[in-house]
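Novice: If you read the sequences in order, they're chains C and H.
Going by our numbering, the letters in the first sequence line up with residues 1 to 113, in that order.
Going by our numbering, the letters in the second sequence line up with residues 1001 to 1112, in that order.
Just so it is clear, CB atoms sit at the ideal spot from N, CA and C, and this is done for glycine as well.
Structure in structure tokens, see below.
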Amino acid sequence: DAGVIQSPRHEVTEMGQEVTLRCKPISGHNSLFWYRQTMMRGLELLIYFNNNVPIDDSGMPEDRFSAKMPNASFSTLKIQPSEPRDSAVYFCASSPGTESAQYFGPGTRLLVL
Amino acid sequence: GEDVEQSLFLSVREGDSSVINCTYTDSSSTYLYWYKQEPGAGLQLLTYIFSNMDMKQDQRLTVLLNKKDKHLSLRIADTQTGDSAIYFCAEKTGNQGGKLIFGQGTELSVKP
């Protein structure tokens, strides 16, 4: 199994630009999670989907962040406009169900200048 | 609210046992997990334990759960330099759907 796939692995952009992070969950998993990891705040859950439907987006920092899951094999996390404080590692994870373990992707390292 | 606490650092010698501890506050936890994160990588699921179990063993890993004290530990036997990483404890509670609450991670350093 390929595991959770994220792209790009690294992204450097300038403040004000739009950033789109992509995730392909493990085939057959019906829950998908977006996390952000920083030194200051550790791992934070941003949003999660169950059967492509957003269930809890209370961790999304502000309106500049949006996430979509148009089908069972693809999700995006968009930041528009990006700010330097958005610099972090963004992880996507998937799970066979909300009561099951989560499997993480390799992450996208985002640097906003 | 829910909170998961871990000590930040642990240093051991190669061949010794490592014990990483974690405390949590939510008594409605259903599952508790241990993840490993190597530098520049994602989180790798190591093992998990259901809240009605006291112990789970998987090769060099032993998980102990004291539900009364809300204390979870991960013991790594015969620790190797390749075990150097950050270890995260996480809990899944009964009233938060699929959410995991993570600790801040324990950095394990294994010296030869």
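Going by C-alpha distance, which of H:Gln-1006, H:Ile-1020, H:Asp-1003, H:Lys-1070 is nearest H:Ser-1084?
Specialist: Position 84 of the second sequence holds residue 1084 of chain H. Of the candidates H:Gln-1006, H:Ile-1020, H:Asp-1003, H:Lys-1070, the one whose C-alpha sits nearest the C-alpha of H:Ser-1084 is H:Ile-1020.
Novice: Can you look up C:Arg-85 in the DSSP assignment and give me helix, strand or coil?
Specialist: Position 85 of the first sequence holds residue 85 of chain C. Helix.
Novice: Could you tell me whether the segment 30-39 of chain C touches the segment 90-101 of chain C, where touching means 3 or more Cβ pairs closer than 8 Å?
Specialist: Taking 8 Å as the limit for Cβ pairs, the verdict is that the segment 90-101 of chain C does touch the segment 30-39 of chain C.
Novice: Quick one: using the 10 Å Cβ neighbour count with 16 as the cut-off for buried, is C:Glu-11 buried or exposed?
Specialist: Within the first sequence, the letter at position 11 stands for residue 11 of chain C. Buried.
Novice: Taking C:Ser-31 as the query, report the chain H residues whose CB atoms sit under 8 Å from its CB, ordered along the chain.
Specialist: Position 31 of the first sequence, counting from 1, holds the residue named residue 31 of chain C. The contacting residues are Gly-1098.
Novice: Could you round the C-beta distance between H:Gly-1042 and C:Pro-61 to whole angstroms and report it? I think they count as a contact, below 8 Å.
Specialist: Translated into positions along the second sequence, residue 1042 of chain H becomes position 42. Translated into positions along the first sequence, residue 61 of chain C becomes position 61. About 21 Å; that fails the 8 Å criterion.
Novice: Chain C partners of H:Leu-1045, CB-CB under 9 Å?
Specialist: Here residue 1045 of chain H refers to the residue found at position 45 of the second sequence. Going along chain C in sequence order, the residues near H:Leu-1045 (Cβ under 9 Å) are Ala-101, Gln-102, Tyr-103, Phe-104.
Novice: Do you know whose CA, among H:Ile-1076, H:Thr-1047, H:Asn-1052, lies nearest H:Val-1012's CA?
Specialist: Along the second sequence, read from residue 1 onward, the residue named residue 1012 of chain H stands at position 12. Minimum Cα distance to H:Val-1012 is reached at H:Ile-1076.
Novice: By how many angstroms is the C-alpha of H:Glu-1005 removed from the C-alpha of H:Asp-1069?
Specialist: To locate residue 1069 of chain H, count along the second sequence from 1; it is residue 69. To locate residue 1005 of chain H, count along the second sequence from 1; it is residue 5. Cα to Cα, H:Asp-1069 sits roughly 13 Å from H:Glu-1005.
Novice: Below 8 Å between beta carbons: does that hold for H:Pro-1112 and H:Glu-1038?
Specialist: Taking the second sequence and counting its residues from 1, one reaches residue 1112 of chain H at position 112. Taking the second sequence and counting its residues from 1, one reaches residue 1038 of chain H at position 38. Their beta carbons are not under 8 Å apart, which means H:Pro-1112 does not touch H:Glu-1038 by this criterion.
Novice: Using the rule of at least 16 other Cβ atoms within 10 Å of the residue's Cβ for burial, across every protein chain shown, is H:Asp-1003 buried or exposed?
Specialist: Taking the first residue of the second sequence as position 1, residue 1003 of chain H is located at position 3. Looking at its Cβ environment, which holds fewer than 16 other Cβ atoms inside 10 Å, H:Asp-1003 is exposed.
Novice: Does C:Leu-46 get closer than 8 Å to chain H when you measure Cβ to Cβ?
Specialist: Taking the first residue of the first sequence as position 1, residue 46 of chain C is located at position 46. No, because no Cβ of chain H sits closer than 8 Å to the Cβ of C:Leu-46.
Novice: For H:Arg-1075, which beta-bridge partners are listed by DSSP?
Specialist: On the second sequence, position 75 is the one that residue 1075 of chain H refers to. According to DSSP, which records beta bridges pairwise, H:Arg-1075 is partnered with H:Val-1019, H:Thr-1062.
Novice: Taking just the CA atoms, how far does H:Thr-1093 sit from H:Leu-1100?
Specialist: Walking along the second sequence from the start, residue 1100 of chain H turns up at place 100. Walking along the second sequence from the start, residue 1093 of chain H turns up at place 93. Roughly 8 Å between the two C-alpha positions.
Novice: So which residues on chain H does C:Gly-107 lean against when the C-beta distance must stay under 8 Å?
Specialist: Stepping through the first sequence from its first residue, residue 107 of chain C is reached at position 107. Going along chain H in sequence order, the residues near C:Gly-107 (Cβ under 8 Å) are Ala-1041, Gly-1042.
Novice: Which stretch, first to last residue, makes up the beta strand (DSSP E) that contains H:Ala-1090?
Specialist: Start at 1 with the first residue of the second sequence, and residue 1090 of chain H comes out as number 90. It spans 1085-1093 - the beta strand (DSSP E) in which H:Ala-1090 sits, taken as one unbroken run.
Novice: DSSP state of H:Gly-1082, grouped into three classes?
Specialist: For the purposes of this step, residue 1082 of chain H is identified with residue 82 of the second sequence, where counting begins at 1. H:Gly-1082: helix per DSSP, three-state reduction.
Novice: Is it right to say C:Asp-86 is buried, meaning 16 or more other beta carbons lie within 10 angstroms of its own, or is it exposed?
Specialist: Looking up residue 86 of chain C in the first sequence gives position 86. Buried, since its Cβ has 16 or more Cβ neighbours within 10 Å.
Novice: Can you pull the DSSP bridge partners for C:Ala-67?
Specialist: Numbered from its first residue, the first sequence carries residue 67 of chain C at position 67. Beta-bridge pairing links C:Ala-67 to C:Leu-77.
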